[in-house]
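Colleague: Residue numbers (the working numbering): 9 to 324.
Have a look at this one.
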């Protein structure tokens, strides 16, 4: 995903089929212009399984209708609390809509796969996850308990700091593993990426009313966010003769977008911050991921959304 555009355009052998679910890569992936170039290839067969006709779905050869969370059986944990909960459908799937797991099972059968894990029902998969002996936080919880109560608190006391997954089994302030891999063994300052002719660090952050591109097509949520804006420090604005609420052009070698500027002191000089991934509406140039790099992070191969550089100027 982090280099989808590069893969679609440069992979050898070439990718000739793409199945998209739970994602809107035409908006959310780095270097979105490159991704879109890949999606329009005549020799790429694209299937999108989604609840909405997303920007990516508009490039698809086939769009499969997905179910909503109100129609699915699912199993959830959270970043913010220690409960696990079982979700059961409250309405029947609309028309021919199917869940991700239903589609995966259909594909597995059609392609001749016989592995049990690819054919098991949602209930069987959830039961295995809850009852698995390796899940020490679920050791006192059974699927039948979860089915009865729908939510159960995980046993956080089961975790111990006496044996951590490090070579020493302890918290390692000095990491020999990092050192062996060629990284600094202690936390240290790493110089920012610099790109000639692009003086601003570009940070495309989230906002309060969207979830990535989700809800950006909803009028209520768009009205809550008002207009897509870019935050600029007042010192930079003065140098560039840019006033608050003016329309500005932001660009680099990867692409460009046009946003309304918010001038103030809530961002550092030399930094531009946007909030939210807006839907690709006709006449808009709000697609900030046209500017983000698809190079990979030095650790873990993650995306580097927040280390791109851009230039900015007032629209005339």
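We put the CB at the ideal spot given by N, CA and C, even for glycine.
Between the C-alpha atoms of residue 249 and residue 258, what's the straight-line distance to the nearest angstrom?
Modeller: Taking the straight line from one Cα to the other gives about 15 Å.
Colleague: How many angstroms separate the CA atom of residue 56 from the CA atom of residue 64?
Modeller: For residue 56 and residue 64, the distance between alpha carbons rounds to 7 Å.
Colleague: Alpha carbon to alpha carbon, how far is residue 5 from residue 208?
Modeller: A question about residue 5 goes unanswered here, because the residues of the chain that appear run from 9 up to 324.
Colleague: Check residue 146 in the structure and name its three-state DSSP category.
Modeller: Of the three classes helix, strand and coil, the one that applies to residue 146 here is helix, per DSSP.
Colleague: For residue 70, which option in 47, 97 and 78 has the closest C-alpha, if you only look at C-alpha atoms?
Modeller: Considering only alpha carbons, the answer is 47.
Colleague: Quick one: residues in its chain with C-beta nearer than 7 Å to the C-beta of residue 295, no 5 flanking neighbours on either side, listed in chain order?
Modeller: Excluding positions up to five away in sequence, the list reads 35, 40, 265 and 288.
Colleague: Would you list the one or two residues that DSSP bridges to residue 212?
Modeller: Residue 212 is bridged to 282.
Colleague: Three-state secondary structure (DSSP) at residue 306?
Modeller: In the structure shown, residue 306 sits in coil (DSSP, three-state: anything other than H, G, I, E or B).
Colleague: For residue 223, which three-state DSSP category applies?
Modeller: The answer is coil: DSSP assigns residue 223 none of H, G, I, E or B.
Colleague: Identify every residue that forms a DSSP beta bridge with residue 28.
Modeller: Beta-bridge pairing links residue 28 to 56.
Colleague: For residue 182 and residue 313, what's the separation of their Cα atoms in angstroms?
Modeller: Whole-angstrom Cα-Cα distance: 28 Å.
Colleague: Could you tell me the alpha carbon to alpha carbon distance between residue 222 and residue 176, rounded to whole angstroms?
Modeller: So the two alpha carbons sit approximately 43 Å from each other.
Colleague: So, are the CB atoms of residue 260 and residue 206 less than 8 Å apart?
Modeller: Yes, they are a contact pair.
Colleague: For my contact list, residue 200 and residue 315 are in at a C-beta cut-off of 8 Å; report their separation, rounded to the angstrom.
Modeller: At roughly 7 Å, the Cβ-Cβ gap stays under 8 Å, so residue 200 and residue 315 are in contact.
Colleague: Please report how far the alpha carbon of residue 38 lies from the alpha carbon of residue 300, in whole angstroms.
Modeller: Taking the straight line from one Cα to the other gives about 5 Å.
Colleague: Look at the alpha carbon of residue 243 and the alpha carbon of residue 105, and state the distance between them as a whole number of angstroms.
Modeller: Straight-line Cα distance between these residues: approximately 53 Å.
Colleague: In its own chain, which residues sit with a C-beta less than 8 Å from the C-beta of residue 138, not counting the 5 before and 5 after it?
Modeller: Excluding sequence neighbours, residue 138 sits near 83, 92, 146, 149, 150, 151 and 154.
Colleague: In the DSSP assignment, what residue or residues form a beta bridge with residue 73?
Modeller: Note: residue 73 sits in a beta bridge opposite 58.
Colleague: Starting from residue 240, trace the beta strand (DSSP E) in both directions and tell me its first and last residue.
Modeller: Where residue 240 is concerned, the enclosing beta strand (DSSP E) stretches over 237 to 241.
Colleague: So residue 161 is in the alpha helix (DSSP H); what residue range does that whole segment cover?
Modeller: Taken as a continuous stretch (DSSP letters only), residue 161 belongs to no alpha helix (DSSP H), being part of the beta strand (DSSP E) at 159 to 161.
Colleague: In its own chain, which residues sit with a C-beta less than 7 Å from the C-beta of residue 24, not counting the 5 before and 5 after it?
Modeller: Closer than 7 Å at Cβ, skipping near neighbours: 51, 52 and 53.
Colleague: Count the other C-beta atoms from every protein chain shown that fall within 10 angstroms of the C-beta of residue 407, then say buried if there are 16 or more, exposed otherwise.
Modeller: Since the first residue shown for the chain is 9 and the last is 324, residue 407 is missing from the structure and cannot be characterised.
Colleague: How should residue 285 be labelled, buried or exposed, when 16 other C-beta atoms within 10 angstroms of its C-beta is the threshold for buried?
Modeller: When all chains shown are included, residue 285 counts as buried.
Colleague: For residue 238 versus residue 276, is the C-beta spacing smaller than 8 Å?
Modeller: Against a cut-off of 8 Å, the Cβ pair of residue 276 and residue 238 comes out as no contact.
Colleague: Report the rounded CA-to-CA distance for residue 132 versus residue 116, giving the unit in angstroms.
Modeller: Each residue's alpha carbon lies about 16 Å from the other.
Colleague: Apply the 10 Å Cβ neighbour rule to residue 67 and answer buried if 16 or more other Cβ atoms are within range, or exposed otherwise.
Modeller: Buried, since its Cβ has 16 or more Cβ neighbours within 10 Å.
Colleague: Report the rounded CA-to-CA distance for residue 136 versus residue 42, giving the unit in angstroms.
Modeller: Between residue 136 and residue 42, the C-alpha separation is close to 40 Å.
Colleague: Reducing DSSP to helix, strand and coil, say where residue 22 ends up.
Modeller: Residue state, collapsed to three classes: coil.
Colleague: Does DSSP classify residue 93 as helix, strand or coil?
Modeller: DSSP places residue 93 in strand when its eight states are reduced to three.
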